[in-house]
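Novice:
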Amino acid sequence: MNQSDALDDWIRTRVSALLLDEDVYTEYVKGMLQDEDSDISARVRNACDFLSSASAGVVSEEEQMKLLNAAEMEAQVEEIVAITQKLLEEKEASRIAEIELQQTRLYEHEKRAAQLARAKEQEELNTRQKMHPDELARKDFLIREYGFSALAEFDEDGNITKIDEKDKTDAMDAVEKNTNKLRVHQAQAGIREKMKSEHAKKVAREKELLEKDRLRKEKAKRKTQKREKQRGCG
1 MNQSDALDDW
11 IRTRVSALLL
21 DEDVYTEYVK
31 GMLQDEDSDI
41 SARVRNACDF
51 LSSASAGVVS
61 EEEQMKLLNA
71 AEMEAQVEEI
81 VAITQKLLEE
91 KEASRIAEIE
101 LQQTRLYEHE
111 KRAAQLARAK
121 EQEELNTRQK
131 MHPDELARKD
141 FLIREYGFSA
151 LAEFDEDGNI
161 TKIDEKDKTD
171 AMDAVEKNTN
181 KLRVHQAQAG
191 IREKMKSEHA
201 KKVAREKELL
211 EKDRLRKEKA
221 KRKTQKREKQ
231 RGCG
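Everything in the sequence shown is counted per full-length UniProt numbering, starting at 1 for the first residue and increasing by one.
Right, dumping it as structure tokens:
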């Protein structure tokens with residue numbers, strides 16, 4: 001209850017006891033008591049004089065003296081103001097505490113989110129450092145072509161083994177709306193075949209170079225043996 005409501009109830013009770021119209025006199029007296037141009041003591045005296053004049057002939061003088069005791073009324077009004085002020089201060093303190101609590105929760109949430117993000121980044125970095133270059137190339141291709149998150153998990157053959165729900169949606173939209181898993185598997189198979197073909201070519205090339213090097217060494221060896229034989233004959 002705010003100060004206006006508490007004061008309203010207190011005045012209404014007194015006006016009713018004086019047998020006056022509550023709606024008419026309550027608002028008028030409340031306006032007098034809320035006049036900040038004068039102190040509470042002066043406000044209460046003015047209200048007492050007004051109510052005494054209004055209730056003259058309506059209730060007995062004895063009843064007026066009982067209900068319109070200025071000292072008693074002043075103490076009651078001051079108590080209402082003090083209690084209301086205390087409630088307002090407590091409400092404000094509670095509001096500030098709630099704001100601070102929300103800010104603390106937000107800070108902790110953002111702090112945890114940042115820690116998780118750093119942990120995931122470090123995990124991804126550690127994973128990439130352990131990956132074979134061919135496996136890393138397959139993974140990077142899928143991320144680049146199909147929008148899979150760098151946090152998606154891949155097996156040793158470069159196949160996707162785990163994708164977040166958001167990644168699933170983003171990846172499907174990136175390839176084509178309503179693209180089914182078969183097309184993704186086909187794309188992965190194509191990538192694997194291409195990598196295998198490139199690897200086979202690389203192996204064949206290396207074998208060819210090794211064979212050429214072997215033949216070159218054998219030819220050089222034969223020439224050396226021939227020269228040594230000629231020197232022996234001479």
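For each residue, glycine too, the CB sits at the ideal point set by N, CA and C.
So for V58, helix, strand or coil by DSSP?
Specialist: Your numbering for residue 58 matches position 58 in the sequence shown. Of the three classes helix, strand and coil, the one that applies to V58 here is coil, per DSSP.
Novice: Should H199 and D134 be called a contact, given that it needs their Cβ atoms to be closer than 8 Å?
Specialist: Working through the sequence shown from its first residue, we reach residue 199 at position 199. Working through the sequence shown from its first residue, we reach residue 134 at position 134. Taking 8 Å as the Cβ cut-off, H199 and D134 qualify as a contacting pair.
Novice: Taking the C-alpha atoms as reference points, what is the distance between A17 and E61?
Specialist: Start at 1 with the first residue of the sequence shown, and residue 17 comes out as number 17. Start at 1 with the first residue of the sequence shown, and residue 61 comes out as number 61. The alpha-carbon atoms of A17 and E61 are separated by roughly 13 Å.
Novice: In terms of residue numbering, what span does the alpha helix (DSSP H) encompassing M73 cover?
Specialist: Along the sequence shown, one-based indexing puts residue 73 at 73. First-last of the alpha helix (DSSP H) with M73: A70 to K130.
Novice: Between the region 89-103 and the region 68-76, are three or more C-beta pairs nearer than 8 Å?
Specialist: no
Novice: Quick one: give me the first and last residue of the alpha helix (DSSP H) that L33 is part of.
Specialist: Numbered from 1 along the sequence shown, position 33 holds the residue referred to as residue 33. Its alpha helix (DSSP H) spans residues E22 to L33.
Novice: Considering only C-alpha positions, which residue in the set K86, E78, A220 and K66 is nearest to L7?
Specialist: Translated into positions along the sequence shown, residue 7 becomes position 7. The shortest C-alpha separation from L7 is found at E78.
Novice: Once DSSP output is grouped into helix, strand and coil, what is the label at D39?
Specialist: The residue labelled residue 39 in the question sits at position 39 within the sequence shown. Three-state DSSP puts D39 in coil, outside helix and strand.
Novice: What are the uninterrupted segments assigned as alpha helix (DSSP H) that are 4 or more residues long and contained completely in the UniProt region "Disordered" (189-234), given in chain order?
Specialist: none
Novice: According to DSSP, is L19 helix, strand or coil?
Specialist: What you label residue 19 is simply residue 19 of the sequence shown in a count that begins at 1. L19 falls in the coil class under three-state DSSP.
Novice: Nearest to K30 by alpha carbon, out of Q64, K66 and V81?
Specialist: If you number the sequence shown from 1, residue 30 lands on position 30. Residue V81 is the option with its Cα nearest to K30.
Novice: Could you tell me the alpha carbon to alpha carbon distance between K217 and Q186, rounded to whole angstroms?
Specialist: Here residue 217 refers to the residue found at position 217 when the sequence shown is read from its first residue. Here residue 186 refers to the residue found at position 186 when the sequence shown is read from its first residue. Between K217 and Q186, the C-alpha separation is close to 46 Å.
Novice: Would you check if there are 3 or more beta carbon pairs closer than 8 Å linking the region 24-39 to the region 104-122?
Specialist: Counting Cβ pairs under 8 Å, fewer than three are found: no touch.
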